[in-house]
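Colleague: Numbering (UniProt numbering), first residue to last: 1 to 447.
Beta carbons are placed, not taken as given, at the ideal position from N, Cα and C, and that holds for glycine.
All values derive from a computational prediction rather than experimental measurement.
Below you'll find the structure I mean.
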């Protein structure tokens, strides 16, 4: 059932008070689709649509709801109704929700959980945001090295309902030290009498609880893993980060970097749900900073006022030239920011890239100069055409080198290079463009 049809069907069922009659039909809908549909309704109706389903389905759908909706539901519904859903959720989703609740709400929720669940929840929620520990789950399959393949299959068969994934099982010793990993595929294909320590991979890829989450996503992508084991400071296995959680990290990091390229602060909620004051606070700081930055462009124009008054035709080309400088800088900056983020280039590569960028920018500048020289001749004659063409070539080179160098400079000072893109590079390139343009005009025209 397509989403618009599902929403209208649910709306009609609410109006006629027949939601309970749709229970079997609703159970066939994927939890992600059902979550996308019910968030279109007020919170009371949303809970009605959620509560008609079996408890296990409620937990799955609850996990797909936006964070702010999860918190609101947790506030609105009673502990008696909420705690069974929380118990059915995966351990990492449960910890994420716990971290979003107030201290009072946490104190209300904890007594409703079993002791083991409570300890696991407190452990998972104690890790710093943005690290592997904050996104890992403790629901993973463990095997002993000395058992046979047949025994391992029996273990996985029993544990499968309670584990996040059984496609990879982790071999640990008595102190929970990771000594190997074995895939379900290998278990299926191996002789049933073979021991696990003969079958397992003895050099598994792993990470620590303090590893930044973007590095976790990079490891999972690089090695095509379904899950990555996570170890604590004592080299004991404490959890796994699954592929789907890594993809959530990739999407989150991409959104954050995309916002930074436009000098917008990090948004914890969607733009649709963000309030006016929140959007104002996230955008105002850099806009004010860039206003003062652009004053330098005005100061440059004022400094060369006599040059402009002698050749008023120069003003016609000013937006064209500084715009080209900013565009070239934004292009170069975007390439560098992305390459630095993916690890494709390092700080030590700046020198080699600088030489390459000079050649590329020179070719681009020459091409763009050739494109505008005729327009310069038409508007102001031979002298203006030469000034415009020469300036175009130099501002494109200058803008490109600014765009290339600024991300490296920020990385050098341990700042996020994503901040260097968009408006920041454009503003700096604009100032450079104004100064170059009128300096060349003053020199060439003998003013």
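Which one or two residues does DSSP pair with residue 201 in a beta bridge?
Modeller: 181
Colleague: For the structure I just gave you, are there three or more beta carbon pairs, one from the stretch 385-403 and one from the stretch 352-366, closer than 8 Å?
Modeller: yes
Colleague: Helix or strand or just coil, what does DSSP make of residue 142?
Modeller: strand
Colleague: With DSSP run on the structure shown, which of helix, strand or coil describes residue 392?
Modeller: Residue 392: helix per DSSP, three-state reduction.
Colleague: On the DSSP bridge list, what partners appear for residue 236?
Modeller: For residue 236, which the question treats as bridged, DSSP gives the partners 177.
Colleague: Just how far apart, CA to CA, sit residue 136 and residue 244?
Modeller: 11 Å
Colleague: Output the residue ranges of the beta strand (DSSP E) runs that lie fully inside the stretch 85-153 and measure 3 residues or longer, sorted by chain position.
Modeller: 140-143
Colleague: Tell me the DSSP secondary structure of residue 4 in three-state form.
Modeller: helix
Colleague: Counting beta carbon pairs with one atom in the stretch 416-436 and one in the stretch 321-329, are three or more of them shorter than 8 Å?
Modeller: yes
Colleague: Need the endpoints of the beta strand (DSSP E) that residue 231 sits in, please.
Modeller: Judged by DSSP secondary structure, residue 231 falls within the beta strand (DSSP E) whose first and last residues are 227-231.
Colleague: Identify whether residue 193 lies in helix, strand or coil by the three-state DSSP scheme.
Modeller: If DSSP states are grouped into helix, strand and coil, residue 193 belongs with coil.
Colleague: On a Cα-Cα basis, can you pick out the residue from 369, 67, 150 that is closest to residue 189?
Modeller: 150
Colleague: When the Cα atoms are used, what is the spatial distance from residue 187 to residue 25?
Modeller: If I take the Cα positions, the gap works out to 37 Å.
Colleague: Would residue 48 pass as a contact of residue 69 if the rule is Cβ separation under 8 Å?
Modeller: no
Colleague: Taking only the alpha-carbon atoms, compute the straight-line gap between residue 308 and residue 314 and give it to the nearest angstrom.
Modeller: 6 Å
Colleague: Give me the DSSP bridge partner(s) of residue 170.
Modeller: 142, 181
Colleague: So residue 430 is in the alpha helix (DSSP H); what residue range does that whole segment cover?
Modeller: 423-444
Colleague: Any idea which residues DSSP pairs residue 208 with across the strands?
Modeller: 231
Colleague: Nearest-angstrom Cα distance between residue 284 and residue 143?
Modeller: 54 Å
Colleague: Note down the Cα distance separating residue 391 from residue 299, rounded to an integer number of angstroms.
Modeller: 19 Å
Colleague: Are the beta-carbon atoms of residue 181 and residue 145 separated by less than 8 Å?
Modeller: no
Colleague: Which same chain residues, not among the five before or five after residue 183, have their C-beta less than 7 Å away from its C-beta?
Modeller: 167, 168
Colleague: Helix, strand or coil: which one does DSSP assign to residue 52?
Modeller: Three-state DSSP puts residue 52 in coil, outside helix and strand.
Colleague: From the DSSP output, which residues share a beta bridge with residue 242?
Modeller: 227
Colleague: For residue 311 and residue 441, which I take to be in contact (beta-carbon distance under 8 Å), what is that distance rounded to the nearest angstrom?
Modeller: 7 Å
Colleague: Express the C-alpha separation of residue 200 and residue 156 in angstroms, rounding to a whole number.
Modeller: 15 Å
Colleague: Just the C-alpha distance for residue 22 and residue 224, rounded to the nearest angstrom, thanks.
Modeller: 40 Å
Colleague: Where do the N-terminal and C-terminal ends of the alpha helix (DSSP H) with residue 218 fall, by residue?
Modeller: 213-222
Colleague: DSSP on residue 16, reduced to helix/strand/coil?
Modeller: coil
Colleague: Assuming the contact rule is C-beta atoms closer than 8 Å, residue 339 and residue 403 should be a hit. Round their C-beta distance to whole Å, please.
Modeller: Actually they are not in contact, since the Cβ atoms of residue 339 and residue 403 sit about 12 Å apart, beyond 8 Å.
Colleague: Judging by CA-CA distance, which residue of 277, 409, 117 is the nearest neighbour of residue 347?
Modeller: Closest option to residue 347, Cα to Cα, is 409.
Colleague: Whose C-beta lies closer than 7 Å to the C-beta of residue 71 among residues of the same chain, with five residues either side of it excluded?
Modeller: 100, 101
Colleague: On the premise that residue 117 lies in contact with residue 87, defined as a C-beta separation below 8 Å, what is that separation, rounded to the nearest angstrom?
Modeller: 6 Å
Colleague: Can you find at least 3 beta carbon pairs, one from the stretch 104-115 and one from the stretch 210-224, that sit closer than 8 Å?
Modeller: no
Colleague: Tell me, to the nearest whole angstrom, how far the beta carbon of residue 93 is from that of residue 57; I am working on the premise that it is less than 8 Å.
Modeller: In fact, because the Cβ distance is near 15 Å, the residues do not count as touching under 8 Å.
Colleague: Just the Cα atoms here: how many angstroms apart are residue 426 and residue 389?
Modeller: 20 Å
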